[in-house]
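Under our numbering, the letters of the sequence shown match residues 552 to 855, in that order.
We treat Cβ as the ideally placed atom computed from N, Cα and C, and that holds for glycine.
What follows is a short report on a single structure.
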Amino acid sequence: MTNSVITIKGLSKSYGKAKVLKNFDLSVEKGHICGLIGPNGAGKTTIMKCLAGIILPDSGEMEFFGSAEDIQKNRARMSFMIEQPVISVSMTARDNLEHIRILRGYPDEKRIDEILDIVGLADTGKKYAGKFSLGMKQRLGIGMALLPKPEVMVLDEPVNGLDPEGIVEIRNLIRRMQEDWGVTVLISSHLLAELSEICTDFSIISGGSLVENLSREELLLKCRNHIALRTNDINRTAAVLEEKLSLHDYKVIHGDEIHIFERVDEPELISKTVTDSGLIITRFNEEGQNLEDYYLEKVGECHD
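Written as structure tokens, this is what we have:
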């Protein structure tokens with residue numbers, strides 16, 4: 552039985568001749584924080600607008616909480632903050648929340664104080680939202696989305712434009728949502744290093760197409776330390792590594808570089824074995840990858 556709260560199968564969307572999404576798949580597991588990774592224009596916002604029902608896909612299927620039926624009913628169990636939150640700058644944080652509570656018919660008045668505390672705006676008093684920093688406005692927007700006690704939050708670029716302090720505040724808030732209240736989060740960003748701090752899963756998108764889905768554990772395994780090696784004959788180098796050093800845990804990158812993931816604590820032996828075989832080394836570095844390095848590598852492979 553699936554534990555997925557969001558499932559997308561073969562989602563496609565075009566605007567005129569421009570194909571924004573191309574047969575995109577995604578699965579978000581209950582209780583996880585899934586990062587949708589990609590540059591501006593990759594299709595992240597379009598995916599989230601389809602999930603929210605703001606736009607309709609040309610083709611494909613969406614399931615919420617394991618069902619393709621009652622999409623609207625199940626969508627009510629979710630909250631969305633896509634692009635900038637709609638905030639009244641002439642109201643306080645409390646008044647903004649109260650306005651949304653009344654407008655949408657949420658009965659729990661005590662929820663306002665709880666939300667203000669959750670998002671760290673309890674001490675803003677009579678200060679109008681127009682005087683808030685961008686980070687405070689983003690936290691208020693998330694607070695408004697938390698009012699109905701959603702099971703799933705969909706956040707589009709929530710740290711975009713924030714200073715480092717604001718980014719940390721949003722990051723801590725998202726962690727608290729997931730850890731303390733069990734809220735499942737789908738978050739998009741082009742700040743890849745920031746997503747690597749909070750996400751349990753990653754979905755890499757480029758040009759509207761899925762590049763790869765992987766868990767945090769899989770990412771850490773793939774981004775482990777390695778030796779980056781280039782020579783005048785990459786195929787022969789691979790043969791030397793296998794035959795003379797019994798190395799099999801390696802990967803050829805872009806056809807001209809080998810990343811070696813085992814015996815990385817023996818760089819001198821690897822280097823000597825390669826050169827003793829008559830090969831010329833043009834690059835030999837001990838490296839490690841982060842999320843951004845890995846993303847750029849995967850997207851590069853996609854376009855080769």
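CA-to-CA, the gap between I588 and G829 works out to about 42 Å.
The C-beta of R652 has 16 or more other C-beta atoms within 10 Å across all chains shown, which makes the residue buried. Only residues of its own chain outside the window of five on either side were considered, and among them I638, S639, A680, L691, M695 have a CB closer than 8 Å to the CB of N647, listed in chain order.
Counting other Cβ atoms within 10 Å of its Cβ, N783 stays below 16 and is therefore classed as exposed.
Secondary-structure assignment with DSSP links H777 through a beta bridge to E838. Per DSSP, the unbroken alpha helix (DSSP H) holding N647 starts and ends at 644 to 655. The Cβ atoms of H810 and A790 do not sit closer than 7 Å to each other.
Sequence-distant Cβ neighbours of E748 in its own chain, meaning closer than 8 Å and more than five residues away, are R722. If you draw a straight line from the Cα of S630 to the Cα of V703, it comes to about 6 Å.
If you draw a straight line from the Cα of T558 to the Cα of G611, it is about 11 Å long.
Remark: C-beta atoms of V670 and S757 do not approach each other more closely than 7 Å.
In the DSSP assignment, C585 is bridged to L737, D752.
DSSP places S822 in the uninterrupted alpha helix (DSSP H) bounded by 818 to 827.
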